[in-house]
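Participant: For reference, the structure I am asking about is given below.
Protein chains: 2
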Amino acid sequence: MSIELEAAPQSAAKARLRLWLRMLRSTRLIESELRERLRLEFQATLPRFDVMAALYRQRDGMIMSDLSRFLMVSNGNVTGIIDRLVSDGLVSRQKREGDRRTSFVRLTSAGISAFEEMARSHEAWVSALLADFSGDEAAQLAGQLKNFESEWEARHE
Amino acid sequence: MSIELEAAPQSAAKARLRLWLRMLRSTRLIESELRERLRLEFQATLPRFDVMAALYRQRDGMIMSDLSRFLMVSNGNVTGIIDRLVSDGLVSRQKREGDRRTSFVRLTSAGISAFEEMARSHEAWVSALLADFSGDEAAQLAGQLKNFESEWEARHE
DNA sequence: AATTGAAACTTTAAGCTTGAAATAAATATT
DNA sequence: AATATTTATTTCAAGCTTAAAGTTTCAATT
């Protein structure tokens, strides 16, 4: 084994720590910019956008637990956000026949068009905010992160 | 110009969007794991850890605005977190002579040792959670993100 | 049929977060 | 000196977030 392969295991820990701090910082930078634009342009919030995006992907509806699993947030959290979306007429909650514990939530037609409008801007914003990354570079980085996520999930069963 | 350099500008936007979603997802994955461990091992929260880390870097103290600028969170947010840290005896608030608007906050000695204990675990956790990245890979990624942050700051004056 | 256990969801309490408004002190202008 | 502006911070209301506890319903055992 070469010296390079063995060298400085302790500084690998430091490198990972630095990577983590960078990830956190970059993500927050972008997140807070998106949050502000969503608020100014659409009187919306990021959590609401995320929920609506999930429901848009799954157009015929989702049950609450799938939603909270997909978004990686707690059940109670989703309850509150959906409550507000429902009272704004963007999402509907329907009890299910088969299982009376669950309820199906889905975008209303108002919700669909509201989301589509936001999503167009959102994609343009993200592309502009990440313009430092070329398409290839972005694809490569996304691949590395995807691998990371896969390994993570494998590790947690 | 070659076709490669010009090709598919629209799919570059998609690639950046995918990158952003990966960044968000990976960061949340790590963040929630760290949050849980801080809670279980140290009855602490991530925001408290972040504030203490900032104060540890700047051992002789910081004023509130510097703290909120550094952490990229709102003023009011920092006020609340500091309030709780002070009432736990981990941080002290001292009025300043020169400028009576500002107050200096700094870790108490209890705060310093509490942080050092957490920081040791934290670094080990992060290194283990990011073990999929070799030291070199981590360093390279951190570099890309650092560039991104620099460009960002240059763009925003 | 009655009980037990698991699953889906809501509620609650505490803390985090934001933007906006309020307060107070310092600095600059008139 | 009086007024206006800027800066530093806190307070507030609304929404987000979590973990834990509670409710209701379903599924499996006894």
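Quick mapping for you: the protein sequence lines, in order, are chains A and B. Quick note on numbering: the first sequence equals residues 7 to 163 in the numbering used here. Quick note on numbering: the second sequence equals residues 7 to 163 in the numbering used here. Ideal Cβ positions, reconstructed from N, Cα and C, are used throughout, including at glycine. On a predicted model such as this, the values are computed, not experimentally measured, just so you know.
1. Quick one: which residues of the stretch 34–49 of chain A get their C-beta closer than 7 Å to a C-beta of chain B? List them in chain order.
2. Beta-carbon within less than 7 Å of residue 120 of chain A's beta-carbon, same chain only, minus the 5 sequence neighbours each way: which residues are those?
3. Do residue 109 of chain A and residue 99 of chain A have their beta-carbon atoms positioned less than 8 Å apart in this structure?
4. Alpha carbons only, please: which of B:49, B:18, B:37, B:112 is nearest the one belonging to residue 68 of chain B?
5. Say whether chain A places a C-beta atom closer than 8 Å to the C-beta of residue 157 of chain B.
6. Quick one: Cα of residue 24 of chain B to Cα of residue 101 of chain A, how far?
7. Which residues in chain A have a C-beta closer than 7 Å to the C-beta of residue 164 of chain B? List them in chain order.
8. Determine whether the Cβ of residue 168 of chain B lies closer than 8 Å to any Cβ atom of chain A.
9. Taking any Cβ of chain A, which residues in the stretch 66–98 of chain B have a Cβ under 7 Å from it, in chain order?
10. For residue 106 of chain A, which option in A:117, A:136, A:139, A:70 has the closest C-alpha, if you only look at C-alpha atoms?
11. Confirm, please, whether the CB-CB distance from residue 27 of chain B to residue 165 of chain B is below 8 Å.
12. From residue 62 of chain B to residue 118 of chain B, what distance separates their C-alpha atoms?
13. Relative to the C-alpha of residue 128 of chain A, which candidate in A:103, A:47, A:17 has its C-alpha closest?
14. Let me check one thing: in DSSP terms, what residues is residue 99 of chain A bridge-paired to?
15. For residue 152 of chain B, decide whether its Cβ has a neighbour in chain A, counting only Cβ atoms nearer than 8 Å.
16. Alpha carbon to alpha carbon, how far is residue 73 of chain A from residue 57 of chain A?
Facilitator: According to the structure shown:
1. 34, 35, 36, 38
2. 96
3. yes
4. Here the closest residue by C-alpha is B:112.
5. True, the Cβ-Cβ gap to chain A drops below 8 Å.
6. 34 Å
7. Absent from the model: residue 164 of chain B. The displayed extent of chain B is 7 to 163, so no value can be given.
8. Residue 168 of chain B cannot be examined here, being either before or after the span of chain B that is shown, 7 to 163.
9. Of all residues in the stretch 66–98 of chain B, 78 have a Cβ within less than 7 Å of some Cβ in chain A.
10. A:70
11. The structure shown does not extend to residue 165 of chain B, since chain B is modelled only from 7 through 163, so no value can be given for it.
12. 7 Å
13. Comparing Cα-Cα distances from residue 128 of chain A to each of A:103, A:47, A:17, the minimum goes to A:47.
14. A:111
15. yes
16. Going by the C-alpha atoms only, they are around 8 Å apart.
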